[in-house]
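Asks: So that we are looking at the same thing, I have put the structure below in structure tokens.
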Amino acid sequence: SSTTRINNIDYVWPNADGTTNQRLVTNGAGTLSWSSSSAGTPTTTTITQTGTSTWMVPTGITRVKVTAVGGGVGGGSARQSGTSQAGGGGAGSTNYAFVAVTSGQGINMFIGYGGQGGTVVGTTANNGVTGSSTIFFATSTQVRAYGGVGGAFGDSTTGVGGAGGTTLNANLGINGEAGAGGLASVLGDPTGGFGGSSLFGYGGKEKHTVGAGNNASGYGAGGSGAVDNNTGNRTGGSGTQGFIILEWIEP
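For the sequence shown, the numbering used here assigns the number 10 to the initial residue and increments by one for each residue that follows.
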């Protein structure tokens, strides 16, 4: 490849011509390459791998819109001890922010896990497991979407619903929907509370019959509470994981 010096900067050219409608882009250090993206074209990528990962900022990008969704929460369990109806788990919050980034920078992220439904261990009923936060660790702005709170168990009792995740004050956002509390029997079996829904997922449907809670679907939603009428221990429905959406405009 050849080099051309312009304004005291050495530009390294590609070895071959590009294809139709491609354009030259720089890596910020003088190396030029052909790109198929068009200037002004919106680009979106979605990160769903739970846990820690790193996103590399594309060449030429200095600003990105981040949408983060926290993990949804499990519904409460119901123990075999009379009539038991558990509460549903809360949904994770959804946060938005426009973030300044550096071309070629690696930015760490954490995608929140969905909380499992509560279980009965021995003679102890348990609440649903809390969902974990989703975080975009940019240098300029940290975008954090908190997970919700687990639905309360039922043990010859009515469990309350779990609270939804909250937003970080520095970001625009929407709190997660709270799960519903269980309902005592009126015209038949008791009812396990529904799970909270997020902007990107549906909470588990309320449970009208004896059995385990219903699982959530999509992203960031809570599972419903379990129901028992002295026939067996029941597990709450599981919440769903969070995720991140990144959007930017090609230069």
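Idealized CB from N, CA, C, for every residue including glycine.
Small disclaimer: the values here were computed from a predicted structure and weren't measured.
#1: So is residue 158 buried or exposed if we call it buried at 16+ other beta carbons inside 10 Å?
#2: Looking at the structure shown, is residue 66 part of a helix, part of a strand, or coil, going by DSSP?
#3: Tell me which residue opens and which closes the beta strand (DSSP E) that residue 182 is part of.
#4: Determine the direct distance from the alpha carbon of residue 152 to that of residue 169, and round the result to whole angstroms.
#5: Look at the Cβ atom of residue 185, then the Cβ atom of residue 245, and state whether they are nearer than 8 Å.
#6: Can you give me the Cβ contacts of residue 65 inside the same chain, cut-off strictly under 6 Å, excluding the 5 residues immediately before and after it?
#7: What residues match up with residue 216 in a beta bridge as DSSP calls it?
#8: Is the beta carbon of residue 205 sitting closer than 8 Å to the one on residue 124?
#9: Answer yes or no: do residue 171 and residue 231 have a C-beta to C-beta separation smaller than 8 Å?
#10: Under DSSP, the beta strand (DSSP E) around residue 93 begins and ends at which residues?
#11: What residue from 21, 103, 19, 29 has the CA that sits closest to residue 250's CA?
#12: Report all residues from its chain with a CB closer than 7 Å to the CB of residue 18; omit the five preceding and five following residues, and keep chain order.
#13: Rounded to whole angstroms, what is the Cα-Cα separation between residue 237 and residue 62?
#14: Is residue 129 near residue 252, with beta carbons less than 8 Å apart?
#15: If I'm right that residue 119 touches residue 213 with Cβ under 8 Å, what's the distance once you round it to whole angstroms?
#16: Output yes or no for whether 8 Å exceeds the beta carbon distance between residue 243 and residue 225.
Replies: Working from what's here:
#1: buried
#2: coil
#3: 181-183
#4: 30 Å
#5: no
#6: Only 115 meet the Cβ criterion.
#7: 201
#8: At the C-beta level, residue 205 and residue 124 stay beyond 8 Å of one another.
#9: yes
#10: 92-94
#11: 103
#12: 39
#13: For the pair residue 237 and residue 62, the Cα-to-Cα distance works out to about 41 Å.
#14: For residue 129 and residue 252, no; Cβs fall outside 8 Å.
#15: With 8 Å as the limit, residue 119 and residue 213 do not qualify as a contact, their Cβ atoms being about 24 Å apart.
#16: no
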